[in-house]
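Novice: This structure is in structure tokens; I'll ask about it shortly.
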Amino acid sequence: MIELHNISKSFGSHDVLNDVQATFERGKVNFVIGRSGSGKSVLTKCTVGLIEPDQGFVTYDGRDFTALSGKERKVIRQEIGMLFQGSALFDSMTVEENVRFPLRMFSDFSEEQIRRRSAECLERVELSDAGVRFPAECSGGMQKRVGIARAIAMNPKYLFCDEPNSGLDPQTAIVIDQLIMEITREYDMTTVVISHDMNSVMEASDTIHFVHEGSILWKGTRQSLLAGGNRELEDFVFASNLMRQIRSSGQL
Amino acid sequence: MVMRKYDLNLPVPVSTINPYLRTMQWMFHIGRYMQLLAASFRRPEKWRVFKDLFILELESIGIQSVGIVALLSLFMGAVICLQTAHQIGGWIPVYTVGFTVRQTMILEFSPTLIPVILAGKVGSNIASQIGTMRVTEQIDALEIMGVNSATYLVLPKILAGVIIVPFLVVLSMVLGIGAGAWIGVATGVSALADFEYGMQVDFKVFDVIYALTKTVVFGFILTSVSAYHGYHASGGALEVGRSSTKAVVWSVVIIMISNLILTQMLLN
């Protein structure tokens, strides 16, 4: 479980996050949704320590991540997998080398064990035959799946996905959503997905946090989302005809 | 709030013509450069991985630069020989040609111009490589995994630069002097015996030590300054290009300033 306690962050005079409190539960896919520029990505970066919050702290299963030294943070970071918006695969390495990378850096595995584990991860994302390709030779959907394979290579306890479906066609997006759901259950991970894609939210979310102007305005599930909560949430969720029709039919 | 010892994500002050703020901006960059160095000189996570990266960098910075270094050195040595021959005559002995080629190549051309050329070739490569990794979130990916991105990306380049650049410079000295001798004999401006005698006249081993000392410093500057500009690139392709240009410009400027300081310190 990941808990955010009173996180605030400003850049100059611009307050990006204001006193954010949230709990991301273990074994669930926790969505953070909101408009572009609402502070979702900064919230994620504060959570994983890429940006230091001005106030507040983050705990990973009770461990205060914000108070830890760089060395102590490394231990928690090795328990974190992250899928980036642009996949962030190392473009000088092949797909297989990308997946092997965290294992080579942090495990005591032999080369044979590393090879086997990376093959397992690639098989899990159905990319067994793509190991020798370079990221530039892969489609957007494949790159996302390689990103997931790399993220799960070290058996993480926490998985962060930043806009996992951006730039993907609807069918591929659903494949990625389902993959995220499945591996969350398989590895019993705390998964946090940053998204503004409502299809993805309705497909894969267990819990939803709605961020607006740097604050969490609403928390709930996809069922309770249909009931609305406040005007900002309704403007965001029911911006599309499809969502309005779902609300009027009352069925997910 | 707990401050991390090395926060490499500090905002860059806005550029301005105000001299005070301009000075502050310079101080900011110097401070952040020092922070990057402090973050880079840490124990690597895995020595095996570090060794592989180091060898790759030796190849990238050193072996891949042999061609351009050789080409420039051959022509520089030959031209110095012809220019010197053009200027001497009458009572100035012919062996001065060999003496001048040797001194010019050892004291200045090889140890200073070769690092300047490498700042253009290697420095822009380092800045664009690291800058692209920054803007495509590959550096964030390293940090999330728990990898010290500065040690992983910057340290192998600095060490490789410090070690391989002196070898390139020695190669440049040998080729430059050799080309000077060949062109001198081939064009008839100096007999081989005169050239050889000039090469040996008043030879001081300290001159070579001085040259190699400068080279080690320049190797450090061209790799670390370029890495700094790449590491702190932000935005997109345009900014990566700009960081690459800045890397070359600042490497050359700092090499030239260091050249003056080191020469004053070591020769006087």
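Those sequence lines, one after another, are chains A and B. Each residue of the first sequence is one higher than the one before, starting from 0 at the first, in numbering that gives the first Met the number 0. Each residue of the second sequence is one higher than the one before, starting from 0 at the first, in numbering that gives the first Met the number 0. Every residue gets a Cβ at the ideal spot worked out from N, C-alpha and C, and that includes glycine. Predicted, not measured: the structure shown is a model, and the values here were computed from it.
1) Could you compute how far the alpha carbon of Gly61 (chain A) sits from the alpha carbon of Lys156 (chain A)?
2) From the DSSP output, which residues share a beta bridge with His195 (chain A)?
3) Output, in chain order, the set of chain C residues within a Cβ distance shorter than 9 Å of Gln77 (chain A).
4) Output needed for Met141 (chain A): all residues of its chain with C-beta closer than 7 Å, excluding positions within five of it in sequence on either side, in chain order.
5) For a test of the three-state rule: what should DSSP assign to Thr22 (chain B), helix, strand or coil?
6) Have a look at A:Asp196, A:Ser204, A:Phe108 and A:Pro52 and flag the residue whose alpha-carbon is nearest the alpha-carbon of Leu241 (chain A).
7) Is it buried or exposed, Gly66 (chain B), if we count other Cβ atoms within 10 angstroms and call 16 or more buried?
8) Kindly indicate which three-state DSSP category Met188 (chain A) falls into: helix, strand or coil?
9) Hey, Ser257 (chain B) and Val216 (chain B): beta-carbon distance below 7 Å or not?
10) For Ala87 (chain A), which residues in chain B fall below 8 Å Cβ to Cβ?
11) Taking the alpha-carbon positions, what's the Val121 (chain B) to Glu58 (chain B) distance?
12) Could you pull the start and end residues of the beta strand (DSSP E) that Thr13 (chain A) belongs to?
13) Please decide whether Glu56 (chain B) counts as near chain A, where near means a Cβ-Cβ distance under 7 Å.
14) Along the alpha helix (DSSP H) that carries Trp249 (chain B), what are the first and last residues, could you check?
15) Output needed for Thr22 (chain A): all residues of its chain with C-beta closer than 6 Å, excluding positions within five of it in sequence on either side, in chain order.
16) What residue range is occupied by the uninterrupted alpha helix (DSSP H) comprising Ile220 (chain B)?
17) So, helix, strand or coil for Trp90 (chain B), using DSSP?
18) Return yes when the Cβ of Val184 (chain B) is within less than 7 Å of the Cβ of Ser109 (chain B), no when it is not.
19) Grab the span of the beta strand (DSSP E) containing Ile1 (chain A) for me, first residue to last.
20) Report the partner residues of Phe159 (chain A) according to the DSSP bridge assignment.
21) Relative to the alpha-carbon of His28 (chain B), which residue among B:Ile260, B:Ile125 and B:Lys245 has its alpha-carbon at the smallest distance?
22) If we ignore side chains and look at the alpha-carbon of each, how far apart do Arg3 (chain B) and Met23 (chain B) end up?
23) What does the Cβ neighbour count give for Ala149 (chain B), buried or exposed, with the cut at 16 atoms within 10 Å?
24) Should Val47 (chain A) be flagged as near chain B, meaning a C-beta pair shorter than 7 Å?
25) Just grab the DSSP bridge partners of Gln54 (chain A) for me.
26) Taking Lys45 (chain B) as the query, report the chain A residues whose CB atoms sit under 9 Å from its CB, ordered along the chain.
27) CB Ile163 (chain B) to CB Gly61 (chain B), shorter than 7 Å?
28) Would you tell me roughly how many angstroms separate the C-alpha atoms of Phe205 (chain B) and Ile254 (chain B), rounded to the nearest one?
29) Can a CB atom of chain B be found closer than 7 Å to the CB of Phe209 (chain A)?
30) Does Phe30 (chain A) get closer than 7 Å to chain B when you measure Cβ to Cβ?
31) Can the beta-carbon of Gly234 (chain B) be found closer than 7 Å to that of Ala126 (chain B)?
32) Applying the criterion that 16 or more other CB atoms from any shown protein chain within 10 Å of the CB defines a buried residue, is Arg144 (chain A) buried or exposed?
33) Examine the ligand ZN and report whether any of its heavy atoms sits within less than 6 Å of the Cβ of Thr150 (chain B).
34) What separation, rounded to the nearest whole angstrom, lies between the Cα atoms of Phe159 (chain A) and Phe237 (chain A)?
35) Between the C-alpha atoms of Gly187 (chain B) and Ile105 (chain B), what's the straight-line distance to the nearest angstrom?
36) With three or more C-beta pairs closer than 8 Å as the rule, is the stretch 95-104 of chain B touching the stretch 39-52 of chain A?
Specialist: Result, derived from the coordinates:
1) Here the question's residue 61 (chain A) lines up with position 62 in the first sequence. Here the question's residue 156 (chain A) lines up with position 157 in the first sequence. Distance between the alpha carbons of Gly61 (chain A) and Lys156 (chain A) is about 13 Å.
2) On the first sequence, position 196 is the one that residue 195 (chain A) refers to. His195 (chain A) is not bridged to any residue.
3) Any reference to chain C falls outside this structure, whose protein chains are A and B.
4) Looking up residue 141 (chain A) in the first sequence gives position 142. Closer than 7 Å at Cβ, skipping near neighbours: Leu126 and Ala129.
5) In the second sequence, the residue the question calls residue 22 (chain B) occupies position 23. DSSP places Thr22 (chain B) in helix when its eight states are reduced to three.
6) To locate residue 241 (chain A), count along the first sequence from 1; it is residue 242. Closest option to Leu241 (chain A), Cα to Cα, is A:Asp196.
7) To locate residue 66 (chain B), count along the second sequence from 1; it is residue 67. By the 10 Å Cβ count, Gly66 (chain B) comes out exposed.
8) By 1-based counting over the first sequence, the position of residue 188 (chain A) is 189. Coil.
9) The count along the second sequence starts at 1 and reaches residue 257 (chain B) at position 258. The count along the second sequence starts at 1 and reaches residue 216 (chain B) at position 217. Yes, these two residues count as a Cβ contact at 7 Å.
10) Taking the first residue of the first sequence as 1, we reach residue 87 (chain A) at position 88. Simply Thr135, Glu136, Gln137, Asp139 and Ala140.
11) By 1-based counting over the second sequence, the position of residue 121 (chain B) is 122. By 1-based counting over the second sequence, the position of residue 58 (chain B) is 59. Approximately 11 Å between the Cα atoms of the pair.
12) Indexing the first sequence from 1 puts residue 13 (chain A) at position 14. Looking at the sequence itself, residue 13 (chain A) is His, so the reference to Thr does not match. Unbroken beta strand (DSSP E) run through His13 (chain A): His13 to Phe23.
13) Translated into the one-based positions of the second sequence, residue 56 (chain B) becomes position 57. Closer than 7 Å: no.
14) Taking the first residue of the second sequence as position 1, residue 249 (chain B) is located at position 250. Counting along the chain, the alpha helix (DSSP H) containing Trp249 (chain B) begins and ends at Ala236 to Leu266.
15) Within the first sequence, the letter at position 23 stands for residue 22 (chain A). Result list for Thr22 (chain A): Glu2, in chain order.
16) For this step, residue 220 (chain B) is matched to residue 221 along the second sequence. It spans Val204 to Tyr230 - the alpha helix (DSSP H) in which Ile220 (chain B) sits, taken as one unbroken run.
17) Counting from one through the second sequence, the residue named residue 90 (chain B) turns up at place 91. It is coil, neither helix nor strand.
18) The residue labelled residue 109 (chain B) in the question sits at position 110 within the second sequence. The residue labelled residue 184 (chain B) in the question sits at position 185 within the second sequence. Not closer than 7 Å, so no.
19) Residue numbering aside, residue 1 (chain A) sits at position 2 when the first sequence is read from its first letter. Element bounds for Ile1 (chain A): Ile1 to Phe10.
20) Along the first sequence, one-based indexing puts residue 159 (chain A) at 160. Bridge partners of Phe159 (chain A): A:Met81 and A:Val191.
21) Position 29 of the second sequence holds residue 28 (chain B). Checking every option, the nearest Cα to that of His28 (chain B) belongs to B:Lys245.
22) Here residue 3 (chain B) refers to the residue found at position 4 when the second sequence is read from its first residue. Here residue 23 (chain B) refers to the residue found at position 24 when the second sequence is read from its first residue. In this prediction, Arg3 (chain B) scores a pLDDT of 47, lower than 50, which makes its location untrustworthy; the coordinate-derived value is nonetheless stated afterwards. Using only the alpha carbons, I get a separation of about 22 Å.
23) Mapped onto the second sequence, residue 149 (chain B) falls at position 150. Burial call: buried.
24) Here residue 47 (chain A) is taken as the residue at index 48 of the first sequence, counted from 1. For Val47 (chain A), the answer is yes, since a Cβ of chain B falls inside 7 Å of its Cβ.
25) Start at 1 with the first residue of the first sequence, and residue 54 (chain A) comes out as number 55. Gln54 (chain A) pairs with A:Ser7.
26) If you number the second sequence from 1, residue 45 (chain B) lands on position 46. Arg103, Met104 and Phe105, listed in chain order.
27) Counted from its first residue, the second sequence places residue 163 (chain B) at position 164. Counted from its first residue, the second sequence places residue 61 (chain B) at position 62. Yes. Within cutoff.
28) Numbered from its first residue, the second sequence carries residue 205 (chain B) at position 206. Numbered from its first residue, the second sequence carries residue 254 (chain B) at position 255. Taking the straight line joining both Cα atoms gives about 21 Å.
29) As a first step, residue 209 (chain A) is located in the first sequence; it is residue number 210 there, counting from the start. No - not a single Cβ of chain B is within 7 Å of the one on Phe209 (chain A).
30) Residue 30 (chain A) sits at position 31 when you count from the first residue of the first sequence. Not closer than 7 Å to any Cβ of chain B, the Cβ of Phe30 (chain A) fails to qualify, so no.
31) Numbered from its first residue, the second sequence carries residue 234 (chain B) at position 235. Numbered from its first residue, the second sequence carries residue 126 (chain B) at position 127. Against a cut-off of 7 Å, the Cβ pair of Ala126 (chain B) and Gly234 (chain B) comes out as no contact.
32) Here residue 144 (chain A) refers to the residue found at position 145 when the first sequence is read from its first residue. So Arg144 (chain A) ends up on the buried side.
33) Among the components of this structure there are no ligands whatsoever, and the ligand ZN is therefore not found.
34) By 1-based counting over the first sequence, the position of residue 159 (chain A) is 160. By 1-based counting over the first sequence, the position of residue 237 (chain A) is 238. Whole-angstrom Cα-Cα distance: 26 Å.
35) Reading the second sequence from its first residue, position 188 is the one you call residue 187 (chain B). Reading the second sequence from its first residue, position 106 is the one you call residue 105 (chain B). Using only the alpha carbons, I get a separation of about 24 Å.
36) no
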